[in-house]
DNA sequence: ATTGTCGATGTAATCGGTTACATGCATTGC
DNA sequence: GCAATGCATGTAACCGATTACATCGACAAT
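Chains as they are written, first to last, in the numbering used here: chain U, 466 to 803; chain L, 466 to 803.
Here's what the structure looks like:
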C-alpha cells in the first residue's frame, strides 16, 4: 500500500487477493459466478483492506444515481415529514437513498441555480413531487427523471399520482355533521389555488347539494394554526352564525377551536368542529378532535413504490386513490334543539 | 447528433461550438479565463443542445459528492424536521443537497446494508448526526466523512457539536416555577439514556439545589403525547401531589395537560405546567403553554455551517451552545395560598 | 532577429468502478 | 485424439466529466 491514508481501491484488493479487478467486482456484486476458493480469498482481502466501493464511480458507470428526490413545499411541516418517512422507508428497502428539496425556499427562477438544476437524471433516479404549486414546465425537459405526484398534484402535469381520497373525506365530514342535524355549516378551506382545497370543496358540495344546501360561510385559510385562529373572528362576525365547521386540516381546526373558546363558545355544545388529517395531536386537543384519518406514511410509501414500478415499466398513466375514514371524537355533537 | 434521445454530452457541445471539451468545461466552471468570442459560441451551443453537466461524472472526478447526510431518529417527528429545514437552507446556499436517513428504521446490524454503508466519503461529503443513541464506533472508520453532532450527542464521540442550552433552559423553567412560589415540582423527563434528558435533569437540579429541594416526583416519558398523557395518572397517584410540573418537551406537556383536565384538574389554577421547545402548537393549546423557546431551524442551520467550516479547516473540537429563552403564557400561575 | 512571456486553447490522463469480450483450461462426446 | 462446450477469470473499453500539461500565436523586450 503506497499511501495508507488513502481509501483502498478495488485495484488494491485485487492485488492483495492475487486476482483481477473484475473478479473483485464480481465477488461484490454477483458472488455466485465466482469459484468458492476465489471468493473467500477476495472476501478476506476486502476485510483486511477495509475496502468499500466508491459509490460515485459505480453510479457513473451504471448510469444511475441510487437516490430519489422528494420536492416538498415546506420541510418543517409535520404533514409532509410524515409522508417523507413513508417514502424513506420504501426507498431504503430498495437500497436507494432519499434526497430532499424544500421548494418554497429554493429559487425557481434562474436556470442555473434553483430547482431546475436538480431535475436531471444525473442527480436523481426519480422524483416524488409533493408540491402542487410548481410549474409543470419544470418537468418537461428530456433530462428529467420519472415523476410521481403525491398528495397534491399539478394541473397540466400528466403521469402517475397517488392521492388520498379528498373528496370522499370532505363528504364524510360534512355528512357526519348533517347526520347530527347541522344545517348551517361553515367551510374553512386551504388556499383555493391548491388542488387539495379544490377537491375538498368539491366533496363538501357533493354532501350538501342533495339537500339543496351550500356552506353558509367559507373562509380561505393557509393550513396553519394562525389562519384557523383568525377564522374564529370571521365566524363570530357572521349574521347567521354557523352551528358547525369543517376545516380542511387539523391545524386550522385546532386554531379555530382555540379562537372560539377564547371568545366563550363551547365545543361541541355551541359549535361542532371537524378537521382533516388526523394528526397525532388531534386526539390530545383540549376537546379531542373529530377528523378524517389519512395515512400519510402509507401515502408516501405508495408513492415511492409507484415510482419504482414506473422506473421499470414505461409510463402508464396510473392514479392511486387511498381511502380515508372518519374518526369521531368529542368535537362534534348533535345540534341542540333551538 | 447520432442519437437524439440521448442526453447531450460535453463532447457534443464542443463539436457544435467548434472547440475542445476542455474549453466547454471552462466556460461552465470558470468563464473568466476564456475569450469572449469563444464563450459566446459555447453558450450558444449549450443552449441549442440543452446540455446540462452530468453531476455524477463531475463528482467522481472532483472526489466529492455534493451532498450532506443527516441522520435522524424519526423523520416523521416535527421536532427533527424543523431542524432539517434549517440544515437544508444552509446547504442549498452552498449548492449542496440534503440526504436523509431515518436511523430508527434503518438496520444498524449488518455491515453490508444498514447505516454503515452510508457512512462513507463516496456517499456524502459530511454527516450531521441528530441521533444520540448511535454507536460511536460507527463513525470510526477511516472512510467516514466529517461529522457534526446537533441537538443530541453521542457519548464517546468527539468532534464539533451544536446544542441548545438544555441546562439553562431547564433551570429557567424551574426557576420560573420557584418564583411563582411552587415547591412541590414534578419532572417529566425524556428517556434517561438520552443525553438531552440528562442535561435537562442537571438543569432542574441546579435550580432546586440552592433551596435544598429536589423534584417531588420524576417520571420517565418518551417525548410523546401519549407518554405525557400517561404521566397524568402517575401524578394523581402521588401522595404529596405536585403543584407544578416541568416537562422535557411540549408534546409531553400537552399530553399531560389533556390528561389532567380529563381528571378534573384546572391549569393553571390547580397545577402549573412548563414545557420545552416552543413548538408551534404550544401557543394554541387549550391553555397556551409556558415553555422554553429553542430555535430549531437555527440550530440546524448552525450545524450545517459548522460542518462546512470543518470541511475546510481540520477538526478542531468546537462546541456551539445556542441560547434558549423562557416564554411565559398561561399554563403557569402563582401558587395559591394553602 | 531572437528570446521570453502571456493568454487562449487543445490533448490526454484521470477519477474508480463495471462489464463485454477474450482467453485458457477442463470436461465431454464422437 | 480432437472438436465442442462451459466455467472461471483476465484484459481493456467505457461511463462523462475535470484539469495538468503541452502547444501555439501575438506581442514586448533585448
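Cβ atoms here follow ideal geometry from the backbone N, Cα and C, with glycine treated the same way.
These numbers come from a predicted model, not from an experiment.
Opening and closing residue of the beta strand (DSSP E) in which residue i lies
{"i": "residue 782 of chain U", "result": "Counting along the chain, residue 782 of chain U falls outside any beta strand (DSSP E), and DSSP gives it neither H nor E."}
{"i": "residue 652 of chain L", "result": "650 to 654"}
{"i": "residue 663 of chain U", "result": "Here residue 663 of chain U belongs to no beta strand (DSSP E); instead the alpha helix (DSSP H) covers 660 to 673."}
{"i": "residue 532 of chain L", "result": "532 to 537"}
{"i": "residue 626 of chain U", "result": "626 to 629"}
{"i": "residue 565 of chain L", "result": "562 to 567"}
{"i": "residue 614 of chain U", "result": "612 to 615"}
{"i": "residue 685 of chain U", "result": "682 to 685"}
{"i": "residue 790 of chain U", "result": "790 to 792"}
{"i": "residue 721 of chain U", "result": "That residue, residue 721 of chain U, is in no beta strand (DSSP E); its alpha helix (DSSP H) goes 715 to 727."}
Residue environment, residue i, which counts as buried when at least 16 other CB atoms sit within 10 Å
{"i": "residue 501 of chain U", "result": "exposed"}
{"i": "residue 623 of chain U", "result": "exposed"}
{"i": "residue 521 of chain L", "result": "buried"}
{"i": "residue 715 of chain L", "result": "buried"}
{"i": "residue 793 of chain U", "result": "exposed"}
{"i": "residue 605 of chain U", "result": "exposed"}
{"i": "residue 737 of chain U", "result": "buried"}
{"i": "residue 680 of chain L", "result": "buried"}
{"i": "residue 602 of chain U", "result": "exposed"}
{"i": "residue 498 of chain U", "result": "exposed"}
{"i": "residue 476 of chain L", "result": "exposed"}
{"i": "residue 621 of chain L", "result": "exposed"}
{"i": "residue 674 of chain U", "result": "exposed"}
Contact list for residue i against chain U, beta-carbon separation under 7 Å
{"i": "residue 694 of chain L", "result": "749"}
{"i": "residue 690 of chain L", "result": "745, 746, 749"}
{"i": "residue 665 of chain L", "result": "Ordered by position in chain U, no residue passes the 7 Å Cβ test against residue 665 of chain L, which lies about 22 Å from the chain."}
{"i": "residue 517 of chain L", "result": "585, 608"}
{"i": "residue 815 of chain L", "result": "The structure shown has nothing for residue 815 of chain L, since chain L only spans 466 to 803."}
Residue-chain proximity (residue i, chain U), Cβ-Cβ < 9 Å
{"i": "residue 562 of chain L", "result": "yes"}
{"i": "residue 740 of chain L", "result": "no"}
{"i": "residue 530 of chain L", "result": "yes"}
{"i": "residue 492 of chain L", "result": "no"}
{"i": "residue 770 of chain L", "result": "no"}
{"i": "residue 575 of chain L", "result": "Reliability fails at residue 575 of chain L, whose pLDDT of 49 lies under 50, so the model's placement of it is uncertain and the value that follows must be treated cautiously. Not closer than 9 Å to any Cβ of chain U, the Cβ of residue 575 of chain L fails to qualify, so no."}
{"i": "residue 557 of chain L", "result": "yes"}
Residue span of the alpha helix (DSSP H) that contains residue i, given as start and end
{"i": "residue 490 of chain U", "result": "486 to 494"}
{"i": "residue 527 of chain L", "result": "520 to 527"}
{"i": "residue 692 of chain L", "result": "690 to 702"}
{"i": "residue 514 of chain U", "result": "501 to 514"}
{"i": "residue 471 of chain L", "result": "Premise fails: residue 471 of chain L is in no alpha helix (DSSP H) and is neither H nor E."}
{"i": "residue 738 of chain U", "result": "Where residue 738 of chain U is concerned, there is no enclosing alpha helix (DSSP H), although the beta strand (DSSP E) it sits in stretches over 737 to 739."}
{"i": "residue 551 of chain L", "result": "543 to 558"}
is_contact[residue i, chain L] using C-beta, thresh 9 Å
{"i": "residue 720 of chain U", "result": "yes"}
{"i": "residue 466 of chain U", "result": "Since pLDDT at residue 466 of chain U reaches only 39, below the 50 mark, its modelled position is unreliable, and the value read off the structure follows with that caveat. No, residue 466 of chain U lies away from the interface with chain L (no Cβ there is under 9 Å from its Cβ)."}
{"i": "residue 726 of chain U", "result": "yes"}
{"i": "residue 753 of chain U", "result": "yes"}
{"i": "residue 461 of chain U", "result": "As displayed, chain U neither begins before 466 nor continues past 803, which places residue 461 of chain U out of reach and without an answer."}
{"i": "residue 565 of chain U", "result": "yes"}
{"i": "residue 796 of chain U", "result": "no"}
{"i": "residue 705 of chain U", "result": "no"}
Partners in chain U for residue i, counting only beta-carbon separations shorter than 8 Å
{"i": "residue 588 of chain L", "result": "520, 562"}
{"i": "residue 510 of chain L", "result": "The premise fails here: residue 510 of chain L is roughly 15 Å from chain U at the closest Cβ pair, so nothing lies under 8 Å."}
{"i": "residue 495 of chain L", "result": "The contacting residues do not exist; residue 495 of chain L stays about 14 Å from chain U at best."}
{"i": "residue 659 of chain L", "result": "Under the 8 Å cutoff, chain U gives no residues; its nearest Cβ is about 20 Å from residue 659 of chain L."}
{"i": "residue 615 of chain L", "result": "Going along chain U, no residue has its Cβ under 8 Å from residue 615 of chain L, so there is no contact; the nearest lies around 15 Å."}
Where residue i meets chain L, residues with beta-carbon distance less than 7 Å
{"i": "residue 430 of chain U", "result": "Residue 430 of chain U is absent from the model: chain U starts at 466 and stops at 803."}
{"i": "residue 525 of chain U", "result": "521, 522, 525"}
{"i": "residue 828 of chain U", "result": "Missing from the structure shown is residue 828 of chain U; chain U here goes from 466 to 803 and no further."}
Where residue i meets chain L, residues with beta-carbon distance less than 9 Å
{"i": "residue 600 of chain U", "result": "Simply none; closest approach about 17 Å."}
{"i": "residue 472 of chain U", "result": "585, 586, 587, 607, 608"}
{"i": "residue 550 of chain U", "result": "539, 540, 541, 542, 567, 570"}
* Asked: Is the region 583 to 590 of chain U touching the region 722 to 730 of chain U, taking contact as three or more C-beta pairs under 8 Å?
  -> Counting Cβ pairs under 8 Å, fewer than three are found: no touch.
* Asked: Taking three-plus beta-carbon pairs below 8 Å as touching, is the region 511 to 525 of chain L in contact with the region 543 to 553 of chain L?
  -> As far as the Cβ criterion goes, the region 511 to 525 of chain L does not touch the region 543 to 553 of chain L, which means the pair count is below three.
* To do: Count the C-beta pairs between the region 655 to 675 of chain U and the region 606 to 621 of chain U that are closer than 8 Å, then say yes if the count reaches three, no if not.
  => In this structure the region 655 to 675 of chain U lies against the region 606 to 621 of chain U, because at least three pairs of beta carbons, one per stretch, are closer than 8 Å.
* Should the region 733 to 745 of chain L be called in touch with the region 755 to 775 of chain L, which here means at least 3 C-beta pairs below 8 Å? -> Here the region 733 to 745 of chain L lies against the region 755 to 775 of chain L, with 3 or more beta-carbon pairs under 8 Å apart.
* Asked: Do three or more CB pairs link the region 676 to 696 of chain L to the region 716 to 723 of chain L at distances below 8 Å?
  -> Contact between the region 676 to 696 of chain L and the region 716 to 723 of chain L is present, with at least three C-beta pairs closer than 8 Å.
* To do: Determine, using beta-carbon pairs with one atom in the region 525 to 538 of chain L and one in the region 592 to 604 of chain L, whether at least three such pairs fall under 8 Å.
  => The region 525 to 538 of chain L makes contact with the region 592 to 604 of chain L, as at least three CB pairs between them are under 8 Å.
* Does the region 776 to 790 of chain L touch the region 557 to 574 of chain L, meaning 3 or more C-beta pairs lie closer than 8 Å? -> Not touching, per the Cβ criterion.
* Asked: Do the region 704 to 714 of chain U and the region 649 to 656 of chain U touch if we need at least three Cβ pairs shorter than 8 Å?
  -> Touching, yes, given that three or more Cβ pairs across the two stretches are closer than 8 Å.
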